[in-house]
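J.: Numbering (our numbering), first residue to last: 172 to 514. Using N, Cα and C, we set each Cβ at its ideal position, and we do this for glycine too.
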């Protein structure tokens, strides 16, 4: 005989109400809401239909208390104004959704002073783990706090400790691809436009660029700083224009956002990007292929990095005894229209 759920008026619908409505045990209903594959399709459909009809909402907080896990993973990013991080976050979210988890996003703003407050917030919310793209000059006290907390941590694209897992692109291969591409077009004198931030990704790209130039017997690149969001790009474009008189014919930029800004500023000065001067980005964002001229860049696949970070973090939470791993993902040259033969 079918059992009928009769939740008390004014009370929240419980899992037992759902089980009664679907004529299954509470344990079976629990397996369905947790996404277990050990339930027959017909039974799953019956339970899900009962959930919809009764308006049942799964209480993740209560489930977390029972299991000692919250089902929430912290994600610390330096900002979200750069579309690169939006694509990266999409990759993380794809994995978390499939695992029945959710993210708790916090923004560091590249400010070391905010680290302590942000970490306390993550600890207070009981996050099961943290995917972190560390802010520049992350304080040693913050690193120690993470180590003492026992929190599962995966570093993304920037490194602060060899005691945490790391996932990032092959910076050395990326810079070799950029330099080889430009050298193949006849360019010999380069500028490198970086952010001005001091973190491991800046150092890795700068060192990789120097090594790639040395390997071809080319002179060192001239280092320029990209404008901040509060500044316009006219100063950088003027500096590039002056360097052109000294034989600099190409610029490699720290990321695609800087490269796109530089292309626009050079165009404002009447400099034809891809003909009078070549520009290479370093990200492979979708945006770079939507503009004209299409950006030549090093594709480091932000969504793939996000997926790999989340997969490692989920694995780390499931097995705290995993050996610390350093995962380097392949990159590729995306040849667009912002590079061309040296005049």
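Hey, how far is the Cα of residue 293 from the Cα of residue 326?
T.: 16 Å
J.: How many whole angstroms separate the CB atoms of residue 360 and residue 419, which I take to be in contact at a CB cut-off of 8 Å?
T.: 5 Å
J.: For the beta strand (DSSP E) that residue 326 lies in, which residues bound it at each end?
T.: Unbroken beta strand (DSSP E) run through residue 326: 323–327.
J.: Any idea if residue 209 is buried or exposed, counting beta-carbon neighbours within 10 angstroms, 16 or more meaning buried?
T.: exposed
J.: Within 10 angstroms of its Cβ, does residue 472 collect 16 or more other Cβ (buried), or is it exposed?
T.: buried
J.: For residue 449, write down the residues that DSSP places opposite it in a beta bridge.
T.: DSSP, once it has assigned bridges, lists 421 as partnering residue 449.
J.: Buried or exposed: residue 461, going by 16 or more other Cβ atoms within 10 Å of its Cβ?
T.: exposed
J.: Could you tell me the alpha carbon to alpha carbon distance between residue 264 and residue 478, rounded to whole angstroms?
T.: 8 Å
J.: Should the stretch 214–222 be regarded as contacting the stretch 251–262, the criterion being three or more beta carbon pairs within less than 8 Å?
T.: no
J.: At 3 residues or longer, and completely inside the stretch 303–355: list those beta strand (DSSP E) runs for me, N to C.
T.: If one requires a minimum length of 3 residues, the beta strand (DSSP E) runs lying completely within the stretch 303–355 are 323–327, 336–340, in chain order.
J.: For residue 311 versus residue 364, is the C-beta distance shorter than 9 Å?
T.: With respect to residue 364, residue 311 sits apart: the two C-beta atoms are not nearer than 9 Å.
J.: Over the uninterrupted beta strand (DSSP E) stretch that includes residue 368, give me the two end residues.
T.: Careful: residue 368 lies outside any beta strand (DSSP E) and carries neither H nor E.
J.: Using only alpha-carbon positions, find the residue among 362, 385, 391 that is nearest to residue 415.
T.: 362
J.: Given a cut-off of 9 Å on the beta-carbon distance, is the pair residue 285 and residue 329 in contact?
T.: No, these two residues do not count as a Cβ contact at 9 Å.
J.: In chain order, what residues of the same chain have a beta carbon less than 7 Å from the beta carbon of residue 237, not counting five sequence neighbours either side?
T.: Because the pLDDT of residue 237 is 49, which lies under 50, any placement of that residue in the model is unreliable, and the number read from its coordinates should be weighed accordingly. Same-chain partners within the cutoff: there are none.
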